[in-house]
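The block underneath contains the structure these notes are about, expressed in structure tokens.
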Amino acid sequence: MNDPWTIDTLHITLRLLLALLLGGVIGFEREQNNRAAGLRTHILVCLGSTLIMLLSMYGFAEFAKLDNVRLDPARLAAQVISGIGFLGAGTILFTGKSITGLTTAASLWVVAAIGLAVGAGFYYASVLTCALALVSLFLLNLVEQKYFHTKKTLFFKLEATDSPSLLGRVVTMLSKQGNVIQKLSVEEIPMENGNRLQITLMLRLAKNVKVAQTVEELMSLDGVNSVSCD
């Protein structure tokens, strides 16, 4: 490898295998958390960016020998960094109440950078970045859940028999738990045997309140026939 524009097949193989390993490690963590982009996606992104970096550095070796040709190995790499955004955008979802997938999109961007570093032979930085990414995704996630746990915002839908003070009892029960009702809507549904109510709540749960506990207590109220939670 004395010529900076050439590389042997052994080093090509080692770099691609290392990209598979590093991308797979991060992808495995995402897969364990049932994210949109998991093991295979992260492996493919890392492998693809590694191949593009190899192509950018060594794929045009014949042209490097020409006097009037100047090669820039960073050109294709720059396109990967900007182009990976379309894949990351596909993992970001706006559900009307929250935005999810930002961390997975960021992990794809980091995996692409790791692949470029591996392709360039920047082994130490790529392995260290992979390790730090895992610390951020796994260990810091545990710390965040334990010490910075934010209240969950969920949608509850109740199907109930139209009866006096039902809405008041629902609101009172939820408020006693320390929950915060952010939105509330009531729709009356005419039925042959009496009117039914469909109550929709956007509820911010208190820190120590469980979803199952809230559903059970709502179901225990007189007149409530069904409860669903999104």
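Under this note's numbering, the first residue of the sequence shown carries the number 1106, and numbering increases by one thereafter.
Yeah, the Cβ is synthetic: ideal placement off N, Cα and C, and Gly gets one too.
If you're wondering where the values come from, they're calculated on a predicted model, not measured in any experiment.
According to DSSP, residue 1305 shares a beta bridge with 1262, 1290.
In the structure shown, residue 1268 adopts coil according to DSSP, grouped into three states. Nearest Cα to residue 1130 within the set 1238, 1246, 1285, 1140: 1238. Residue 1229 counts as exposed, since fewer than 16 other beta carbons sit within 10 angstroms of its beta carbon. Assigned with DSSP and collapsed to three states, residue 1231 falls in helix. Comparing C-alpha distances from residue 1142 to each of 1197, 1221, 1305, 1283 shows the shortest one belongs to 1197.
Sequence-distant Cβ neighbours of residue 1329 in its own chain, meaning closer than 7 Å and more than five residues away, are 1263, 1265, 1323. Shown here, residue 1161 sits in a helix according to DSSP, grouped into three states. Of the candidates 1333, 1244, 1177, the residue whose Cα lies closest to the Cα of residue 1303 is 1333. The Cβ neighbour count for residue 1261, taken over all protein chains shown within 10 Å, is at least 16; the residue is labelled buried.
Distance check between residue 1209 and each of 1146, 1335, 1318 places 1146 closest, using alpha-carbon atoms only.
Each of 1124, 1148, 1111, 1127 was checked against the Cα of residue 1178, and the nearest Cα belongs to 1111. The beta-bridge partner set that DSSP reports for residue 1334 consists of 1261. For residue 1329, the three-state secondary structure derived from DSSP is strand. Between residue 1182 and the set 1271, 1224, 1195, the nearest pair of CA atoms involves 1224.
Straight-line spacing of the CA atoms in residue 1248 and residue 1234 works out to 20 Å.
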